[in-house]
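Chains as they are written, first to last, in my numbering: chain S, 339 to 482; chain U, 339 to 482.
Every residue gets a Cβ at the ideal spot worked out from N, C-alpha and C, and that includes glycine.
As the structure is a computational prediction, the values presented were derived from the model and not from experiment.
2 protein chains.
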Amino acid sequence: MFSKACEYGLRATIYIAEQSLSGRKTSLKEIAGSIASPESFTSKILQQLSRSEIIHSDKGPTGGFSMNPHQLETVKLSSIVAAIDGDHIYKGCGLGLEQCNEKKPCPLHDQFKGIRDELKSMLETTSVKELALGLKGGLTMLKR
Amino acid sequence: MFSKACEYGLRATIYIAEQSLSGRKTSLKEIAGSIASPESFTSKILQQLSRSEIIHSDKGPTGGFSMNPHQLETVKLSSIVAAIDGDHIYKGCGLGLEQCNEKKPCPLHDQFKGIRDELKSMLETTSVKELALGLKGGLTMLKR
DNA sequence: ATAATAATGGATAAATTTATCCATTATTAT
DNA sequence: ATAATAATGGATAAATTTATCCATTATTAT
Ligand code: FES
Ligand code: FES
């Protein structure tokens with residue numbers, strides 16, 4: 339469904355959100371450890387998220403990653419997926435035609451569009467914060 | 339969503355079904371031309387589909403690919419996706435955890451499961467034949 | 001039997017994604 | 001100023017996916 343990079347990005351952001359909700363900054367090391375992802379690869383992804391203003395980063399001692407109140411309030415999963423995987427999943431044709439086109443649909447268009455649009459709307463309406471709250475409450479987990 | 343191999347496999351199978359419904363065998367060359375896919379890569383995929391008994395192939399002159407009445411009647415999209423991409427898309431965790439687990443869910447589980455299951459059921463209920471009929475009727479297309 | 005034809009299968013190559021390494025930059029505390 | 005710390009960014013490497021090439025096999029028609 340999503341690329342590895344995107345999966346790590348989603349998990350990392352949810353973890354950072356949880357920590358921020360508890361008033362803590364967190365480091366690359368701690369994040370990678372908490373979501374079971376390769377540290378240096380995760381670093382690249384956090385850089386992308388930081389440049390996309392989805393998370394915030396500080397250098398130096400006492401530095402680390404965090405989300406500010408505005409980010410916690412506004413960031414939806416769709417922003418993360420778009421930043422890392424692009425919008426192919428939202429707009430792409432299920433059979434891989436160059437672009438999806440209502441007027442010249444592929445044979446799967448009718449059946450596929452509904453599901454693709456539901457996925458889109460789920461990602462657009464689900465906030466990182468609400469998922470972080472489930473994590474915080476111990477109801478859910480980010481690694482096996 | 340699906341791998342390139344799987345997209346080609348779906349398009350190829352729908353094309354073969356259309357031809358078989360019209361009583362024609364079709365060759366690798368014709369298939370690749372009709373679905374705009376790389377010929378030799380498509381060949382590998384057709385081999386997989388043939389081994390999985392999703393399509394039928396004949397060697398030699400007058401040879402080619404086709405679907406027999408039984409295949410036309412029973413093959414669903416889910417068989418093709420399973421044969422090429424495996425069952426990850428049906429069973430996998432949206433956040434990439436090793437396995438999806440109701441009892442120890444990831445934060446996205448509740449929102450994701452519904453969509454994943456809908457996709458699964460769409461693929462399991464949609465037959466290649468019905469998509470081929472739309473193609474045949476000129477309502478849909480397999481390349482841009 | 002022979003030639004022609006079309007799929008098959010094995011060996012590679014190219015492209016992309018995933019992952020690692022390490023020097024540099026910014027920041028903090030002493 | 002200096003040392004310590006943590007993110008950044010660039011250069012690569014490993015792994016996987018996508019793609020190509022070509023000799024072999026099976027089949028058909030002559
Ligand atoms: S054209 Fe294929 S999904 Fe719309
Ligand atoms: S545990 Fe992640 S989708 Fe079920």
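Rounded C-alpha distance that separates residue i from residue j
{"i": "Ala470(U)", "j": "Leu446(S)", "result": "10 Å"}
{"i": "Leu480(U)", "j": "Glu368(U)", "result": "13 Å"}
{"i": "Asn406(S)", "j": "Ile352(U)", "result": "50 Å"}
{"i": "Ile418(S)", "j": "Lys363(U)", "result": "46 Å"}
{"i": "Gly371(S)", "j": "Glu345(S)", "result": "15 Å"}
{"i": "Ser416(U)", "j": "Glu462(U)", "result": "5 Å"}
{"i": "Asp396(U)", "j": "Leu384(U)", "result": "12 Å"}
{"i": "Thr380(S)", "j": "Lys474(S)", "result": "22 Å"}
{"i": "Thr464(S)", "j": "Lys342(U)", "result": "29 Å"}
{"i": "Leu410(S)", "j": "Gly434(U)", "result": "23 Å"}
{"i": "Val413(U)", "j": "Ile453(U)", "result": "23 Å"}
{"i": "Lys451(S)", "j": "Gly398(S)", "result": "47 Å"}
{"i": "Gly347(S)", "j": "Ile393(S)", "result": "11 Å"}
{"i": "Leu359(S)", "j": "Ile427(U)", "result": "32 Å"}
{"i": "Gly472(U)", "j": "Glu436(S)", "result": "20 Å"}
{"i": "Lys382(U)", "j": "Gly430(U)", "result": "26 Å"}
{"i": "Glu468(S)", "j": "Arg482(U)", "result": "41 Å"}
{"i": "Glu391(S)", "j": "Val466(S)", "result": "14 Å"}
{"i": "Ser459(U)", "j": "Arg389(U)", "result": "24 Å"}
{"i": "Cys438(U)", "j": "Ser375(S)", "result": "17 Å"}
{"i": "Gly361(S)", "j": "Gly402(S)", "result": "13 Å"}
{"i": "Asp448(U)", "j": "His408(S)", "result": "25 Å"}
{"i": "Gly476(S)", "j": "Gly476(U)", "result": "54 Å"}
Assigned secondary structure, residue i (DSSP; H/G/I helix, E/B strand, else coil)
{"i": "Gly475(S)", "result": "coil"}
{"i": "Phe340(U)", "result": "coil"}
{"i": "Ser465(S)", "result": "strand"}
{"i": "Ala470(U)", "result": "helix"}
{"i": "Leu480(S)", "result": "coil"}
{"i": "Gln437(S)", "result": "coil"}
{"i": "Ser375(S)", "result": "coil"}
{"i": "Lys451(S)", "result": "helix"}
{"i": "Asp425(S)", "result": "coil"}
{"i": "Lys442(U)", "result": "coil"}
Near ligand 2: residue i beta-carbon under 7 Å from a heavy atom
{"i": "His426(U)", "result": "no"}
{"i": "Cys431(S)", "result": "no"}
{"i": "Asp439(U)", "result": "Sequence check: residue 439(U) is Asn here, not Asp. Yes, since a heavy atom of ligand 2 falls inside the 7 Å radius drawn around the Cβ of Asn439(U)."}
{"i": "Cys444(S)", "result": "no"}
{"i": "Leu387(S)", "result": "no"}
{"i": "Leu469(S)", "result": "no"}
{"i": "His447(U)", "result": "yes"}
{"i": "Leu461(U)", "result": "no"}
Near ligand 1: residue i beta-carbon under 7 Å from a heavy atom
{"i": "Phe450(S)", "result": "yes"}
{"i": "Leu477(U)", "result": "no"}
{"i": "Leu348(U)", "result": "no"}
{"i": "Leu415(U)", "result": "no"}
{"i": "Leu435(S)", "result": "yes"}
C-beta atoms of residue i and residue j nearer than 8 Å
{"i": "Gly424(U)", "j": "Met339(S)", "result": "no"}
{"i": "Leu366(U)", "j": "Glu356(U)", "result": "no"}
{"i": "Ala350(U)", "j": "Gln386(U)", "result": "no"}
{"i": "Pro443(S)", "j": "Thr400(U)", "result": "no"}
{"i": "Glu456(S)", "j": "Glu440(U)", "result": "no"}
{"i": "Ile354(S)", "j": "Ser404(S)", "result": "yes"}
Checklist entry - Fully enclosed by the segment 386-416 of chain U, which alpha helix (DSSP H) runs are 4 residues long or longer? => result DSSP runs (the alpha helix (DSSP H)) wholly in the segment 386-416 of chain U: 407-412.
Next on the checklist: Restricting to runs no shorter than 3 residues, where is the beta strand (DSSP E) found entirely within the segment 347-371 of chain U?
Outcome noted: Runs of the beta strand (DSSP E) spanning 3 or more residues and lying entirely within the segment 347-371 of chain U do not occur at all.
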